[in-house]
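Enquirer: Residue numbers (this note's numbering): 45 to 215.
Below is one structure. I have some questions about it.
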């Protein structure tokens with residue numbers, strides 16, 4: 045039996061509440077065979093379910109292979125964690141806040157927890173995208189990031205990395 049997903053994660057900022065992304069267009073495309081999806085996920089993310097104690101801070105990890113132009117995209121959304129994405133092949137429209145990018149193969153992006161972004165404009169191009177969404181426990185603005193214990197960097201380095209990611213406007 046499939047485990048019960050953890051309660052819907054939300055983020056509060058300036059009196060507004062945001063919910064974590066559901067990835068429904070990607071799930072539907074994978075179910076229809078339009079795109080190949082290999083992923084592990086928790087909650088609303090697609091893929092084989094991660095068990096509660098398996099790399100608890102990993103919300104989603106996986107890749108898609110879109111072997112042709114798609115008729116779907118991941119519209120404006122937010123993830124509860126740091127999203128690290130690598131475009132292994134193809135091209136891909138990508139937007140963060142109000143900035144547009146035309147990603148090319150070998151481009152790497154980082155979006156901060158709860159940062160507004162979208163993939164596809166509005167549709168996905170032929171591409172292979174690899175990602176990891178790492179939950180660092182942020183549910184309120186200016187909350188300290190809690191790094192997983194299995195990241196083997198000294199605490200000072202992790203604090204510096206968090207500071208750099210928080211202050212960078214370059215995704």
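Quick reminder that beta carbons are idealized off the backbone N, C-alpha and C, glycines included.
Owing to the predicted nature of the structure, the values given are computational and were not obtained by experimental measurement.
Using a Cβ-Cβ cut-off of 7 Å (strictly less than) and excluding sequence neighbours within five positions of residue 78, which residues of its own chain qualify?
Expert: Within the same chain, residue 78 has close Cβ partners 114.
Enquirer: Within 10 angstroms of the Cβ of residue 104, are there 16 or more other Cβ atoms? Answer buried if so, exposed if not.
Expert: Buried, by the Cβ-count rule.
Enquirer: If we count the other Cβ atoms within 10 Å of its Cβ and call it buried at 16 or more, is residue 47 buried or exposed?
Expert: At residue 47, the pLDDT of 40 sits below 50, so the modelled position is not reliable and the matter cannot be decided from this model.
Enquirer: Would you say residue 155 and residue 110 are within 8 Å of each other, going by their C-beta atoms?
Expert: It is not a contact, given that the beta carbons lie outside the stated cut-off.
Enquirer: Look at the alpha carbon of residue 202 and the alpha carbon of residue 191, and state the distance between them as a whole number of angstroms.
Expert: Taking the straight line from one Cα to the other gives about 8 Å.
Enquirer: Expressed to the nearest angstrom, what Euclidean distance is found between the alpha-carbon atoms of residue 135 and residue 117?
Expert: Cα to Cα, the separation comes out at about 13 Å.
Enquirer: Any heavy atom of the ligand SAH inside 7 Å of the beta-carbon of residue 95?
Expert: Among the ligands in the structure shown, none appear at all, so the ligand SAH cannot be discussed.
Enquirer: Hey, quick one: how far does the beta strand (DSSP E) through residue 148 stretch, first residue to last?
Expert: Its beta strand (DSSP E) spans residues 143-148.
Enquirer: Assess, as a yes-or-no matter, whether the segment 147-164 is touched by the segment 79-93 under the definition of 3 or more beta carbon pairs within less than 8 Å.
Expert: Segments in contact, no.
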